[in-house]
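Asks:
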Amino acid sequence: MRILAIETSCDETALSLLEAKGGLTAPSFKILKHAVSSQVKIHAPFGGVVPSLAKREHQKNLPLLFSRVMGSAKKVKVQMEKVDLIAVTVGPGLEPALWTGIVFAQELAKTYHKPLLGANHLEGHLFSFLLGTRNRESTAEKEKSKRRSSQLGTARQLLAALFPAVALIVSGGHTIILRVDSLSKWKRLGETRDDAAGEAYDKVARMLDLPYPGGPNMEKLASRGNPNAIAFPRPMIHEKNFDFSFSGLKTAVLYHLRSQWPVLRQVQGEATSLLANTERGDQKNTKSERLATGHYSLDTAAKADVAASFQAAVVDVLTHKVTKAAQSFGAKSILLSGGVAANKQLRKRLRTKSQKLGIPFLAPPMKFNGDNASMVAVAAYLQYLRNKKLPIKANGQLEI
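In the working numbering, the protein residues as written are 675 to 1074.
#1: Can you list the alpha helix (DSSP H) stretches of 4 or more residues lying completely in the segment 816–891, in chain order?
#2: With distances taken Cα to Cα, identify the nearest neighbour of residue 699 among 978, 863, 975, 837.
#3: Rounded C-beta distance between residue 790 and residue 762? I'm assuming under 8 Å.
#4: At the level of alpha carbons, what is the spacing between residue 1125 and residue 692?
#5: My parser needs the alpha helix (DSSP H) runs of 4 or more residues fully inside the segment 747–805; what are they?
#6: Between residue 688 and the rest of its own chain, which residues show a CB-CB distance below 6 Å, the 5 nearest in sequence each way excluded?
#7: Here's a check: name, in chain order, each residue in its chain whose Cβ is nearer than 7 Å to the Cβ of residue 750, leaving out the five neighbours to either side.
#8: Tell me which residues share the same chain as residue 864 and place their Cβ nearer than 8 Å to its Cβ, disregarding the 5 neighbours each side in the sequence.
#9: Three-state secondary structure (DSSP) at residue 919?
#10: Between the Cα of residue 675 and those of 757, 853, 683, 867, spot the shortest distance and give me the residue it belongs to.
#11: Alpha carbon to alpha carbon, what distance is there between residue 1037 and residue 654?
#12: Quick one, which of 833, 832, 777 has its alpha-carbon nearest residue 732's?
#13: Using DSSP's beta-bridge definition, name the partner residues of residue 708.
#14: Counting pairs of beta carbons, one from the segment 972–982 and one from the segment 893–909, are three or more of them closer than 8 Å?
#15: Can you give the Cα-Cα distance for residue 795 and residue 910, rounded to whole angstroms?
#16: Does the structure place the segment 1027–1035 close enough to the segment 886–893 that three or more beta carbon pairs sit under 8 Å?
Dropping the structure here:
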């Protein structure tokens, strides 16, 4: 089955042309072409995503990406004749952004007489580990993978050996643990009660006066700091459930900064610490500029310790809860996905925990952690096989 997928749930416009086969027992995917257009530079001055701007950029980028993926105007008709299904993200996400993708997909479906399927963005993240190794391996690595596969058995046997799995979806909008029994059956075990982990990263990044997007910049800064410098709390880590709470951790960071640097300012209506050297003479030499050029002053070193200590707290909680869930339910594997899944410390810790438990750890290739249309195609294929149809309308609060 050839699927053309469209993703516009937040601030990235994405299209993917993908071939899927194998059914629910042994699905495999080949990405023929994919493209992503990021809006980071557009939203950076505002410190976060502005829905109206996101909508405008999606409307501008969708036709451009369609041409990039499907080819010139002369080739489009021929390419579209080969498409079996058009898939589009219908939620969750920013509804103005979602509608741009939906309207574009509807126009394509009508013009080329193709079936249209609404896809769940979170299911795309959940099953993004299925995106093939061919998309990320060198020729030598592919040969090693082939040898490993021949030793381990068929794709069907490999997939069956993964379940039941414990999955963590962690992003700017969601932090969810699920027990996954198969590609068609799963149960939510826990989720955040307030801020998502990625949201907490972004808010603390603003406190530290780091540029948008906060998460990646926080991780870079944390790599220079001491994770044991500040004893930030690990919220809910000892509770018996699998829920999370990061609001208190965020507040603890704010109080720490306030005690160290008492000068405050308002950032998007929220009181955050202005980590400034009040005796600094050169106003152009901002901390963000010094960070970018690698010139670290004492206050930037202190910021790095805050970032590292905050990250350690988040990773500790996520890792502990996932490990606890895996042990409680006899998981045969641990799955990680979502934008925060790109965090190297989180991947490293979960991989280490998986090794200690003697079970595989699976995460998508780095370029497929963030929002992309290839994962939407995967979700749509699995939904199609389960005969699951979602309403073709934007649902910002759609659940998995």
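Beta carbons: idealized from backbone N, C-alpha and C, even for Gly.
All figures in this text were calculated on a predicted structure; none of them were measured in a lab.
Replies: Checking against the coordinates, here is how it stands:
#1: With a minimum length of 4 residues, the continuous alpha helix (DSSP H) runs that stay inside the segment 816–891 are 829–834, 871–881.
#2: Among 978, 863, 975, 837, the Cα nearest to that of residue 699 belongs to 837.
#3: So it is a contact: roughly 7 Å between Cβ atoms.
#4: Lying outside 675 to 1074, the shown extent of the chain, residue 1125 is not represented and no answer is given.
#5: Secondary structure in the segment 747–805: the alpha helix (DSSP H) runs of 4 residues or longer, each lying completely within the stretch, are 747–755, 769–786, 795–800 in chain order.
#6: Annotation for residue 688: 681, 710, 1046, 1047 place their beta carbon closer than 6 Å to its own, counting only its chain and skipping 5 residues before and after.
#7: Cβ neighbours of residue 750 beyond the five flanking positions: 744.
#8: Excluding positions up to five away in sequence, the list reads 850, 851, 915, 916, 917, 918, 995, 999.
#9: The answer is coil: DSSP assigns residue 919 none of H, G, I, E or B.
#10: A check of alpha carbon separations from residue 675 across 757, 853, 683, 867 identifies 757 as the nearest.
#11: Since the first residue shown for the chain is 675 and the last is 1074, residue 654 is missing from the structure and cannot be characterised.
#12: It is 777.
#13: Looking at the DSSP assignment, residue 708 forms a beta bridge with 690.
#14: The segment 972–982, when compared against the segment 893–909, does touch it at the 8 Å Cβ threshold.
#15: Straight across, the Cα-Cα distance linking residue 795 with residue 910 is about 27 Å.
#16: No: the two stretches stay apart, fewer than three of their Cβ pairs being nearer than 8 Å.
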